[in-house]
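In the UniProt record's numbering, the protein residues as written are 1 to 395. Beta carbons are placed, not taken as given, at the ideal position from N, Cα and C, and that holds for glycine. Just so you know, these numbers come straight off a predicted model, no measurement behind them. Contents: one structure, followed by commentary.
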C-alpha cells in the first residue's frame, strides 16, 4: 500500500512474537531482559525517521485485540508488521511513526540520542518511567508528550500527581473523558464470532468460578471472597484461593481461550477489580460477556456504562454482604428462567451504547492517537496553547 508523505505508518505487534512475552498458562507477563539484540540495533534502529516513540509493557489485552496480523487501515494511519522483528515497524520516511516496543525509555534513548529532535511525540508508560528519569528529555515545540496507562491510579499514584501529569499533552488511559480513551473493551466488530459465542451448557458442579492471580489487590476483594466462599461453592483456578486445577486436556495456548473455555462451563464468574476507580473496567467483565456467563462484579461505580444490557451484571454493591449475595446466587442457580434473564442480551444483541464503546477499544487506539497528534500539529501555536490549557485544567 502506498502512503503519502502525510500519512503516519503505524506498526502492530505480531501476536506470535508477542506471545513470547508471556509465561504460564494464565498469560502472566514474563520479565524481559533489558537492552536490544545486535540484529535489532543494526537493522531496525538505524534511521531517525521515527515520529512517535512508545515505551510500554505489553498487556494481554493487546494480544487479544491485535490478534489479526497483517494491516489495519484508518484514514490517518497504516499499520504493518515488520517481518523480522515484529515489535518494530518498518518505516517509509513518514511521520509520525508509532513504535510498539518492550524496551525501556532508558535503552531507547541510549540508542537514539541523535534522533530525538526528529520525533513528533513520546509516549510514556508509568511502570516504565516510574523509577527512571524523564527530566533529561527536552521537549521540542513541535513534540507531543503522551501518557499511556491502563492501570488504576491506586496502583500508580503518580497518575494523580499534578506536577507529573502537567508534563503531558495527551492522555491515553481507560478514562472515558480522555482525548484518546483506551479501555479493555473487546471490539464488537473485530470479535463478532466471540460476541456471538453460544451459551454453553453449565456443566460445572460449582455454580461460581474465579481465576485471580493478584493476591494483594488495592481493594478488599480477597477478604470479601473469603467470606463469600463460606456460603457458596466457588472453584478457584488462580493463585488466590486455589482449589481447582485446569484440566490437562484444556490447558494450552492462547491463554484467554483456555480461560474462556473453562469460564463458559459456569453460571457465574467472579469479576472483581483489583482496585476501585471510575471507568476502571478490565477484561474480567468483558470475558464474562463473551462466553455467556453472568459476572459478579465489584469495581467501577459506573459499570453500567460498560454493560451490554440493563440486566447483565450482578453488582456486589446491591447486597448487604457476602451471605445475602450467596443466597441470591443460589436462588438463581435453581431458577433457570430467572437466571436466563441475565443472558437474554446474548439472544437479542447488545445495546447500541455498548457497541459504541468500540471507539475506546485497543484496536482503534493507535489510529485515534495518530489523529489526535495530527490535530494538535495542525493547530496554530496560540490554539495549541489553548488546547494544552484545557487539557491540564481537566486533569
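With a 10 Å radius around its C-beta and 16 neighbouring C-beta atoms as the bar for buried, classify residue 250 as buried or exposed.
By the 10 Å Cβ count, residue 250 comes out exposed.
DSSP state of residue 176 mapped onto helix, strand, coil:
When DSSP states are grouped into helix, strand and coil, residue 176 belongs to the coil group.
Cβ-based neighbour list, residue 270, same chain, cut-off 6 Å, excluding 5 preceding and 5 following:
Within the same chain, and ignoring the five residues on either side of residue 270 in sequence, the residues whose Cβ sits closer than 6 Å to its Cβ are 210, 296.
Report the start-end ranges of each beta strand (DSSP E) in the region 286-351 that is 3 residues or longer and not cut off at the edges.
Counting only runs of 3 or more, we get 294-298.
Pop quiz: residue 150 and residue 174 are said to be a contact at Cβ under 8 Å. What is the actual Cβ separation, rounded to whole angstroms?
Yes, they are in contact, since the Cβ atoms of residue 150 and residue 174 sit about 6 Å apart, within 8 Å.
Assuming residue 145 is part of the beta strand (DSSP E), what are its boundary residues?
From DSSP, the beta strand (DSSP E) with residue 145 extends over 144-149.
For the beta strand (DSSP E) containing residue 471, name the first residue and the last one.
The chain is shown only over 1 to 395; residue 471 falls outside these bounds and no answer can be derived.
Helix, strand or coil, according to DSSP, for residue 353 in the structure here?
Here residue 353 sits in helix by DSSP.
CA-to-CA distance, residue 238 to residue 364, given in whole angstroms:
The alpha-carbon atoms of residue 364 and residue 238 are separated by roughly 31 Å.
Excluding the 5 residues flanking residue 233 on each side, which residues of the same chain have their C-beta closer than 8 Å to its C-beta?
Non-local beta-carbon contacts of residue 233 in its own chain, meaning distances under 8 Å to residues more than five positions away in sequence, involve 205, 206, 207, 208 in chain order.
Whole angstroms are fine: how far does the CA of residue 310 sit from the CA of residue 304?
Spanning the two alpha carbons is a distance of roughly 7 Å.
Considering only residues of the same chain and omitting the five flanking positions on each side of residue 326, which have a CB-CB separation below 7 Å?
Cβ within range, chain order: 228, 231, 232.
Using the Cα positions of residue 80 and residue 332, report the straight-line distance between them to the nearest angstrom.
Its pLDDT being 38, under 50, residue 80 is placed unreliably by the model, and the measurement read from it follows with that caveat. For residue 80 and residue 332, the distance between alpha carbons rounds to 48 Å.
Buried versus exposed call for residue 372 [16 or more other C-beta atoms within 10 Å across all chains shown]:
In the assembly as shown, residue 372 is a buried residue. Its beta-carbon has 16 or more other beta-carbons within 10 Å.
Measuring CB to CB, does residue 406 end up less than 8 Å from residue 266?
Residue 406 lies beyond the residue range present for the chain, which begins at 1 and ends at 395; the question has no answer from this structure.
Pull up the distance between the alpha-carbon of residue 158 and that of residue 212, whole angstroms please.
Their Cα atoms are separated by approximately 26 Å.
When 199, 344, 242, 235 are compared against residue 215, the one with the closest alpha-carbon
Of 199, 344, 242, 235, the residue nearest in Cα terms is 242.
Residues in the same chain with beta-carbon distance under 7 Å from residue 313, minus the five sequence neighbours each way, listed in chain order, please.
295, 297, 303, 307, listed in sequence order.
May I have the straight-line CA-CA distance separating residue 162 from residue 177, to the nearest angstrom?
Near 17 Å, if we compare the C-alpha coordinates of residue 177 and residue 162.
Buried or exposed, going by whether 16 or more other CB atoms sit within 10 Å of the CB of residue 400?
Missing from the structure shown is residue 400; the chain here goes from 1 to 395 and no further.
Can you tell me which residues form a DSSP beta bridge with residue 236?
Its beta-bridge partners are 210.
Residue 186 - partner residues in DSSP beta bridges
The partner list for residue 186 (beta bridge, DSSP) is empty, contrary to what the question assumes.
Using C-beta distances below 6 Å, list every residue in its chain close to residue 350, excluding the 5 sequence neighbours before and after it, in chain order.
Shown here for residue 350: same chain residues with a beta carbon closer than 6 Å to its own, the five before and five after excluded, namely 308 in chain order.
Is the CB-CB distance between residue 291 and residue 255 below 8 Å?
One thing to note: residue 291 has its Cβ no nearer than 8 Å to the Cβ of residue 255.
Run of the alpha helix (DSSP H) containing residue 199, from where it starts to where it stops
Per DSSP, residue 199 lies in no alpha helix (DSSP H) segment and is marked neither H nor E.
Between residue 338 and residue 293, what straight-line distance do the alpha-carbon atoms span, to the nearest angstrom?
A direct Cα-to-Cα measurement between residue 338 and residue 293 gives close to 14 Å.
Count the other CB atoms within 10 Å of the CB of residue 203; is the residue buried (16 or more) or exposed (fewer)?
Its Cβ having fewer than 16 others within 10 Å, residue 203 is exposed.
So, with DSSP's three-state summary, where would you put residue 271?
Residue state, collapsed to three classes: strand.
Going by beta-carbon coordinates alone, are residue 329 and residue 289 separated by less than 8 Å?
No, the Cβ-Cβ distance between residue 329 and residue 289 is not below 8 Å.
What residues are listed by DSSP as bridge partners for residue 155?
DSSP lists no partner for residue 155.
Per DSSP, the bridge partner or partners of residue 171:
DSSP lists 147 as partners of residue 171.
Selected residue, minimal CA-CA separation from residue 224, among 374, 152, 336, 299:
Taking each of 374, 152, 336, 299 in turn and checking the Cα distance to residue 224, the smallest one comes out for 299.
If you follow the alpha helix (DSSP H) that residue 253 is part of, which residue opens it and which one closes it?
First-last for residue 253: undefined, no H or E at that position.
At what residues does the alpha helix (DSSP H) containing residue 367 begin and finish?
Counting along the chain, the alpha helix (DSSP H) containing residue 367 begins and ends at 365-378.
By alpha-carbon positions, which one of 278, 301, 263 ends up nearest to residue 284?
Comparing alpha-carbon positions, the option among 278, 301, 263 lying closest to residue 284 turns out to be 263.
Find the nearest neighbour of residue 153 within the set 218, 353, 354, judged by alpha-carbon distance.
Measuring from the Cα of residue 153, the nearest candidate turns out to be 218.
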